[in-house]
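What follows is a set of notes on a single structure, which appears directly below.
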Amino acid sequence: MKHFYLCAFLIAFFKINAQIELVSSDVTFFQKPLKTANGIYFSGSNTDVGVEPYFYDGSSNPVNLKDIYVGTQSSFAGGFIEFQGKIFFAARDSADNFELWNTDGTESGTNLFKEINASSTQGSYPSDFVISGSNLLFTARESIGNPELFISDGTVSGTVLLKEILTGSQYGSSPEYKTEFNGMVYFSASNGGGNNGFEIWRTDGTVVGTNLFLDIATGTPSSYPNSLFVHNGLLFFNADDGINGRELRYTNGNTGINVLVNDLNPGPVNALDINSEFCSINNKLYFSADNGSTGKELWYYDTNTNNISLTNSVNPSGGSEPYNFVELNGNLFFSANDGVNGRELHKIDGVTNVFTHFNLNPTSSSDPSKGIVMNNRLYFAADDGTHGRELWVTDGTITGTQMVADLNPGSGSSFPDHLINFNGELIFSTTAGIYKFNDSVLGVNTLESNYAISLYPNPSNSSIKLKGVETIDSLEIFDLTGKSVKQYNTLQDSYDISELKAGIYFVSIKANNATQSIKLIKN
C-alpha cells in the first residue's frame, strides 16, 4: 500500500514537471517581451541572425519577423509598444541606422516606418515610448546628439518633432521618464544649463501645451527629477532641490505646486537614489530610502494619514537595500539583505507590517529576481545553493515556497528570466531557450502550504521536523526509485536524515486515517 501512495505522489510530481515545455532551443529573450491579445513580441537572440524581432502566438514556435540587420549582426530591435493595431519599435538596419519600425506580426508587414534622421548614418534612436490618447510620444534625434520630444498619430506624415525644448544646441533636451497623468504626459527634460536645467515638463500633445511644469531647483541648477510614478491620484517622483537633497516629492497636477513629503535625510544629503523603485499597495507607497542612520531600508508613505514611516530595519547593522518590489494579495514581496543570511526573499504584510523572511539558500544568498504574479502565486528566479539559479514559486507562505523545476539538473543554472503571463501560461527564457509552464496542474492542492501537515526545514542538511500534527501512525521516506530508505512509527521532535545522499526524496506521512506525501530536498 505504501508504494501506491508514493506512486500517486510521483505521478503528480512528474505531471507538474511535464507541464514545463521547451518552446524553442533556437532563441532566447534578449529583453522584456511585449504581451498583446494575439501573442508575444520580443527581441530574440539567435546565433544565426543575431538579436532580431520575433513573434510567438503561444502555440507554434517563435517566428523571426525579419532579419533587419542581415546576417549574424544584430538589429537590437526593442522598445516594443502596441499602437493603433500595430507594434512600433526601434531597430538598426544593415546601414547602422537606428530608426522607427512597425509590424503587424508578419514578415511582409514588418517594415521601416519612418527615417526620422535622414542626415545621419546613425539614425534617430527612438526610445522611451508612451501612449497618450490617440498619440504616441517618444524621444528621437533629428540630428546627431540632439534628442527631443516627438509625436506620432500613426501616420508617416503625422510623425514629427513636437517641440524643440533645448533650442540652438547639438545636445537636445533629452526627454525621459515619460508618464501619463490626468490626461497629460509628464517627463524630465532640460532647456539648457543657463535656463532651468533638467526639470519636470508636461505636454498635452500640442506645441503650445508643451511647457516647463515644475522648476524644483529654482533658477539655473537642475533637480534631475526621475522615477515618476502615479499613486492614489498623485504623481510622485524624487528630485534634488539643492537644499534638501534627493527626496520624495509629489504633485497633484496644479501648475507650479509640488510637495516635499519629508526631508528624511536632513540637509543636502540624498535619502533616495536616482531611479528609485516604487510600489503602490492600497494607500501605501513603498520605496527604499536612507535617513542617515539606518542605511537603505524599506519605507512607506500613507496618503490617507499623510505619514511617512520606516517599516522595519531589516539589517540593523547597515541597511538591507531592498528592491525588486512585487505586490501579491495585498502584501509586498522584495529582495533584501538582513546582514546575516545574505540577499533573500522577504514579505511585509500590507496591513500589519509584519515581516516574513524566506531563507531559500541556507549557505549564501539566493538573490531572488523580481517575479511576476500569476494565479495568486509569485514566480521568480533564485539560487538555493544546491540546484543553481532556477524557477521558484510562492503562495506567500514559507511552506508554500518551492522550486518549480531544476531545468539544468544539478548545481548548474538555467537562469530563468523575463517571465511573462500569457493566457494563463508562464513564458520565460533560459540559457537553453524559451520555456512555457502551464501551472493549472500545479494547483493549490500540490503546494505544501495547503497540506494539513508540513515539514521543515526543506531543503535540509541533517534533520527534519513536522508541523501541523499531534500524532502520526508512520513516517516513511522514499527515494526516486520508490525504495524505502527511512521509516518511523512515532511522532518525534526531529527525524535524522544526515546519512541520506543529497537529492530528492518523498516523505509519506500516515495520520488520522489519511496519507500525505511531501517532496523533500536533501542537501
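Every position in the sequence shown, counted from 1, becomes a number in my numbering once 822 is added. C-beta: ideal position from N, C-alpha, C; glycine also. Bear in mind that the values here come from a model prediction, so they are computed numbers and not experimental data.
Q: Would you grab the beta carbon distance between Ser-946 and Glu-921 for me? Rounded to a whole angstrom, and I think it's under 8 Å.
A: Rounded, the Cβ-Cβ distance is 6 Å, consistent with contact.
Q: Count the other C-beta atoms from every protein chain shown that fall within 10 angstroms of the C-beta of Lys-1258, then say buried if there are 16 or more, exposed otherwise.
A: Classification of Lys-1258: buried, given that the 10 Å Cβ count is 16 or more.
Q) What are the uninterrupted segments assigned as beta strand (DSSP E) that are 3 or more residues long and contained completely in the segment 1210-1260, given in chain order? A) Correct list: 1211-1216, 1223-1227, 1239-1244, 1247-1252, 1255-1260.
Q | Pro-969 - containing beta strand (DSSP E), residue span | A | Its beta strand (DSSP E) spans residues 969-974.
Q | Beta bridge counterpart(s) of Val-885 as assigned by DSSP | A | DSSP, once it has assigned bridges, lists Phe-877 as partnering Val-885.
Q.
According to DSSP, simplified to helix, strand and coil, what is Leu-1313?
A. Coil.
Q.
Quick check: the Cα distance between Arg-963 and Phe-972, rounded to an integer number of angstroms?
A. Looking at the two C-alpha atoms, the distance is approximately 9 Å.
Q.
Counting beta carbon pairs with one atom in the segment 1287-1298 and one in the segment 879-892, are three or more of them shorter than 8 Å?
A. At 8 Å Cβ cutoff, the stretches do not touch.
Q | 8 Å Cβ cutoff met for Asp-1205 and Asn-1181 | A | Judged by beta-carbon spacing, Asn-1181 lies beyond the 8 Å limit of Asp-1205, meaning their Cβ atoms are not closer than that value.
Q. Which first and last residues belong to the beta strand (DSSP E) in which His-1123 is found?
A. Checking the sequence, you will find Tyr at residue 1123 rather than His. Taken as a continuous stretch (DSSP letters only), the beta strand (DSSP E) holding Tyr-1123 covers 1118-1124.
Q: Report the three-state DSSP secondary structure of Asn-1087 (helix, strand or coil).
A: Coil, per DSSP.
Q: Mind checking which residues open and close the beta strand (DSSP E) that includes Ile-1346?
A: The requested residue 1346 is not part of the displayed model; the chain covers only 823 to 1345.
Q.
Less than 8 Å between the beta carbons of His-1240 and Phe-851, yes or no?
A. Contact flag set, yes.
Q: Leaving out five residues on either side along the sequence, give the residues of the same chain with a beta carbon under 7 Å from the beta carbon of Ser-1012.
A: Result list for Ser-1012: Leu-988, Ser-995, Ser-996, Gly-1019, Phe-1020, Ser-1044, in chain order.
Q. What residues in its chain sit with their C-beta under 8 Å from that of Asp-1318, if we drop five residues either side in the sequence?
A. Counting only Cβ-Cβ distances below 8 Å, and skipping sequence neighbours, we find Ser-1284, Ser-1285.
Q | Assumed close pair Leu-1050, Tyr-999 - CB separation to whole angstroms, cut-off 8 Å | A | Sure, about 5 Å apart at Cβ, within 8 Å.
Q. Distance, Cα to Cα, Leu-1248 vs Gly-990?
A. Whole-angstrom Cα-Cα distance: 49 Å.
Q. If we call anything under 8 Å between Cβ atoms a contact, is Leu-1057 one with Phe-1003?
A. In this structure, Phe-1003 lies closer than 8 Å to Leu-1057 by Cβ.
Q: State the Cα-Cα distance for the pair Asp-889 and Val-871, rounded to the nearest angstrom.
A: In this structure, the straight-line span from the alpha carbon of Asp-889 to that of Val-871 is close to 6 Å.
Q: Starting from Phe-1300, trace the beta strand (DSSP E) both ways and give me its first and last residue.
A: Note, Phe-1300: beta strand (DSSP E), 1296-1300.
Q | Closest by C-alpha distance to Asn-1280, when choosing among Asp-1261, Ala-1333, Gly-1222 | A | Minimum Cα distance to Asn-1280 is reached at Gly-1222.
Q) To the nearest whole angstrom, what separates the beta carbons of Gly-1152 and Ile-1103, a pair I think is in contact under 8 Å? A) Between Ile-1103 and Gly-1152 the Cβ distance is about 6 Å, and since that is below 8 Å, they are a contact.
Q | Test item: CB-CB of Tyr-1278 and Leu-1297 under 8 Å | A | Cβ distance not < 8 Å, so Tyr-1278 and Leu-1297 don't count as in contact.
Q. In terms of DSSP beta bridges, what is Tyr-1355 paired with?
A. Past the boundaries of the shown model lies residue 1355; the chain is included only from 823 to 1345, so the question cannot be answered.
Q) To the nearest angstrom, how far is it from the Cα of Glu-1119 to the Cα of Phe-1156? A) Taking the straight line joining both Cα atoms gives about 11 Å.
Q | Complete runs of the beta strand (DSSP E) confined to the segment 879-944 [at least 3 residues] | A | Correct list: 900-905, 908-914, 920-925, 933-936.
(Q) Among the candidates Leu-1154, Gly-1193, Val-1226, Ser-1187, whose CA atom is the shortest distance from the CA of Asn-1175? (A) Among Leu-1154, Gly-1193, Val-1226, Ser-1187, the Cα nearest to that of Asn-1175 is on Leu-1154.
Q) Just how far apart, CA to CA, sit Leu-1094 and Lys-1341? A) The alpha-carbon atoms of Leu-1094 and Lys-1341 are separated by roughly 43 Å.
Q | Contact check, Asn-1243 vs Ser-1282, beta carbons under 8 Å | A | It is not a contact, given that the beta carbons lie outside the stated cut-off.
Q: Could you please give me the residues that DSSP links to Tyr-1072 through a beta bridge?
A: Paired residue(s): Phe-1058, Val-1081.
Q: Would you kindly work out how many angstroms separate the C-alpha atoms of Pro-1231 and Ala-1324, rounded to a whole number?
A: When rounded, the distance between both Cα atoms is 13 Å.
Q | Within 8 Å, strictly: CB atoms of Asn-1084 and Ile-1130 | A | In contact: Asn-1084 and Ile-1130 (Cβ atoms closer than 8 Å).
Q. By DSSP, does Leu-1150 sit in helix, in strand, or in coil?
A. In this structure, Leu-1150 counts as strand in the three-state DSSP scheme.
Q | For Thr-961 and Gln-906, the rounded distance between their alpha carbons | A | Those two C-alpha atoms are separated by around 19 Å.
(Q) Restricting to Cα atoms, I'd like to know which of Phe-1177, Val-1052, Pro-1090, Leu-1036 is closest to Ser-1077. (A) Sequence inspection shows Thr at residue 1077; the Ser mentioned does not correspond to that position. With distances taken between Cα atoms, Thr-1077 lies closest to Leu-1036.
Q: Excluding the 5 residues preceding and the 5 following Val-1307 in the sequence, name in chain order all residues of the same chain whose CB lies nearer than 6 Å to its CB.
A: Excluding positions up to five away in sequence, the list reads Ile-1299, Asp-1301.
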